[in-house]
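Below is one structure, written out as structure tokens; comments come after it.
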Amino acid sequence: MQDTQLTLGRRGFMAGTAVVAATTALTGLAGPTAAQTLTQPMETKMRPEIGHRALTTENTVLLLVDHQVGTIGWAGELASEEERNQLKMWTLTIARFAKSAGMSIVLTSSLETEDQGPLFPELEDIMPEEYAARIQRQGVINAWDDPALADAVRAPGKKNLLIGGVTTDVCLVPPALSAKDEGFNVVALVDISAATTKLGAQTSLTLLNNAGIDQMVVTSIITSMLGDYKSPASGAFFEAMGKEGVFEAYAKGNLR
């Protein structure tokens, strides 16, 4: 059943690409050069230096901050258990993709023996090495202020940082701003993050915008990094989407 859903999901995404190409050609907005561009692998093009379009699976570090079984309950912006499950679904989707695509990954947690609890247990199954090497902070709130965390992100020598924190206002924004100040090209994942309050969500997005930090969702950043469905990492994308039930969630609808 899962293989069937994965195949249908892949066909749906590929069909959508074909419709865009056909519509563009029929309206006379695309000549041969544009049509060729649709099939040209992104790796052959010049990417910008900053913003989300600069990110590839090879030049980016993924940082997941405090995706813990207790802390997710503090994301008061979320209105229901269903929305919390969606946040978890997207977190595991990007984690599974990043691991399969060979990306550099850093995990961190805060006070695991307290109310925050451990990281989502599925993360250990998906990436056992990264889970074992996770930075277990003992009270430091801004994750970037923990030297071990900052050093782990710097270690691969990559300038692009893709970051998500389970609470937008506490777990995501502070380290994102700190990494930006240090010179990283930071992109924030907002569907694996949710603020403690709706006002917290608004102020968080304002802070990220003012700092020039792009905000993306999991599907859009993965497809941006791939650039082409013939990319070697596209298999990791469809596998992650299928295994985490994303295609089923799309069919159900009403995603936040």
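At position 219 of the sequence shown (counting the first as 1) the number is 219 in full-length UniProt numbering, and the numbers step up by one without a gap. The C-beta atom is built at its ideal place from N, Cα and C for all residues, glycine as well.
- Between the region 197-211 and the region 83-94 there are fewer than three inter-stretch CB-CB distances shorter than 8 Å, so the stretches are not counted as touching.
- Taking C-beta separations shorter than 6 Å and ignoring five residues to either side along the sequence, the partners of K99 in its chain run I126 and M127, following chain order.
- Contact check for A194 and E81: beta-carbon distance about 13 Å, past the 8 Å limit, so the pair fails to qualify.
- Ranked by Cα distance from R154, the first of L55, P121 and V61 is V61.
- Closest in C-alpha terms to A240, from the list L162, A101, P175 and T71, comes A101.
- DSSP, read as helix, strand or coil, puts L123 in helix.
- Excluding sequence positions up to five before and after T57, its CB lies within less than 6 Å of the CB of A101, M103, M225 and A233, all in the same chain and listed in chain order.
- Membership of I163 in the beta strand (DSSP E) is indicated by the continuous run N160 to G165.
- Measuring C-alpha to C-alpha distances from T206 to each of P174, V69, E130 and D228 identifies P174 as the nearest.
- Cβ atoms of V166 and V190 stay farther apart than 8 Å, at about 12 Å.
- Judged by pairs of C-beta atoms under 8 Å, the region 144-163 does not touch the region 113-122, as fewer than three such pairs exist.
- In the DSSP assignment, T60 falls within the unbroken beta strand (DSSP E) covering T60 to V65.
- Shown here for V186: same chain residues with a beta carbon closer than 6 Å to its own, the five before and five after excluded, namely L161, A176, A179, K180 and I213 in chain order.
- The DSSP-derived three-state label of L208 is helix.
- Around A249, the same chain offers Q86, M89 and L255 as residues with beta carbons nearer than 8 Å, after the five sequence neighbours per side are excluded.
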